[in-house]
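Encoded as structure tokens, the structure appears first; notes follow it.
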Amino acid sequence: MMFKSLFITTFLLLLVNTSVTFEITDLIPESNNQSSETSKGTNPSNDNSTFDEISSQFSKLKSKTLNCFGIPVALFANVVEKLFTQETKAEDVRYYFYSRDISGNVTVRNDVDFDINDLPYKSNRKTVIITHGFMSSGTIDWVQEMKDAFLKLEDVNIIVVDWQKGSNTWNYVSASISTKIVGAEIAKLLSIVKGKILDSSPETKEFGSLYLVGHSLGSHISGHASYVLREQDKDEKIKFRIERITGLDPAQPCFTEADLSLKLDKTDAQYVDIIHTNAQNILLLGLGLPTQLGHADYYPNGGKIQLGCAKINTTFWDFLLLPVDIVKTSICSHGRSHELLTDSIHTRISDECRFKGRKWNQKYENISALVKEGCEEDVCPEMGVNSIKYHPDKDGTYFVPTGDDVHYCHVSEVNRKHIKKQLENDEALKNNPVGKLIGHIL
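Per mature numbering (1 follows the signal peptide of the UniProt record, and there is no 0): the sequence shown = residues -21 to -1, 1 to 421.
Structural data, given as structure tokens:
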């Protein structure tokens, strides 16, 4: 087990350094011309006892070790973490508050006190919290597009979490271990906001629900934020209700055997849905976890390689001979998950088409039935923003055919032929002796 984890982590670090050439994403500047950062002093504890109490409580909840290297003894695991990582600090995490009330945003940090009245936040509204993943930022295009889509769909509070100082590093292990810190900081922010609301409006009896969305490492940040917040709220009379978490291809490396408190799972919210888009063995450059994590897990086109991201006739030997193309394919497929969620919001608004899922046991049986057109709503639930309306009756794992461009719910006959070919390739690899060996190792 130790060898397996060490091998996987080492392989991933090589993968990440290889992929740098292909611009996973540009490093995004910290500044945002539309934002205004609240600043009421640099030491909020001087006049905010709530902040002191919350900081003390949350420091006790950040002690668990992720243990990327599979070291069996906790003490040694902690030592190795310190050697390989540089922890993200509270001041490195920024929160951009948006709503329909303002055209830009207000930026908040946990280490700087702020006036709750300066925020475009209403306690009775649902709050959507969007968290990016590795080598990304809160100002990257896809995050902003998703934020805009949510605001167009409904009147909500939006909080975009920007932890780019921890995520924009070539050290994936360091970024992975930072997820528990960022998750705890999100929970701290919410507790501070709640405390300030209750101080200014003691008559407040409840808060709007929380909906957390995370991509890749951001999925596990969302799960850990939920865990810490629930621990914090145990003895509180007024609690946040974590209605939903959507995990967008939750990161695989370092999290396959992680403690449940450190990664996303279905105990983290009343409803947890997962969109798997690059969920294959790490030796095949799979960046997402393949296992079922939520109440409903959706596998677009089988959840491994997405249309438009790779050659249709990719085989195992291509992985050996064309690593450059395969790295690009993995990155493209991994990112498709957030495109699909945003697309599902747009198509809900336009009432254009739907992402219908067919019940799937993750076996390559009757492939033609999986990819065929048409499915009744009472049989096939929707993937994406609408999926919560099928909970709990339609919980489980689902196969979802998708196209090769927006709107991805438009699936042509050519697309269906390509999906079928991809599934046949996946099955062939699974039955290939080398593929079986990889599956046995991992």
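Glycine included, C-beta positions come from ideal geometry on N, C-alpha and C.
All figures in this text were calculated on a predicted structure; none of them were measured in a lab.
One Cα belongs to Q231, the other to E124, and the distance between them is close to 25 angstroms. Inter-segment contact for the region 136 to 153 and the region 77 to 86 is present: three or more beta-carbon pairs are separated by less than 8 angstroms. V393 is classed as exposed because its beta carbon has fewer than 16 other beta carbons within 10 Å across all chains shown. Straight-line spacing of the CA atoms in D374 and N280 works out to 19 angstroms. Assigned with DSSP and collapsed to three states, E215 falls in coil, not helix or strand.
T308 and I284 do touch by the CB rule: their CB atoms are close to 6 angstroms apart, below 8 angstroms. Inter-segment contact for the region 152 to 169 and the region 335 to 354 is absent: fewer than three beta-carbon pairs are separated by less than 8 angstroms. If you draw a straight line from the Cα of L196 to the Cα of V85, it is about 24 angstroms long.
Taking a C-beta distance under 8 angstroms as the contact criterion, I224 and S240 do not qualify as a contact pair. Contact check between the region 302 to 322 and the region 255 to 266: three or more CB pairs, one atom from each, fall below 8 angstroms, which counts as touching. With 16 or more other CB atoms across the displayed protein chains lying within 10 angstroms of its CB, W142 is buried.
By the neighbour-count criterion, in which a residue is buried when 16 or more other Cβ atoms sit within 10 angstroms of its Cβ, K184 is exposed. Closest in alpha carbon position to D228, among E182, G282, N340, is G282.
Taking a cut-off of 8 angstroms on C-beta distances, the region 327 to 341 does not touch the region 391 to 411, as fewer than three cross pairs fall below it.
Annotation: the continuous beta strand (DSSP E) that includes R73 extends over 73 to 77. Per DSSP, H397 is one residue of the alpha helix (DSSP H) stretching across 392 to 410. The residue from L320, G202, L263, H386 with its alpha-carbon nearest to that of A128 is L320.
For T106, DSSP records a beta bridge to N136, L189.
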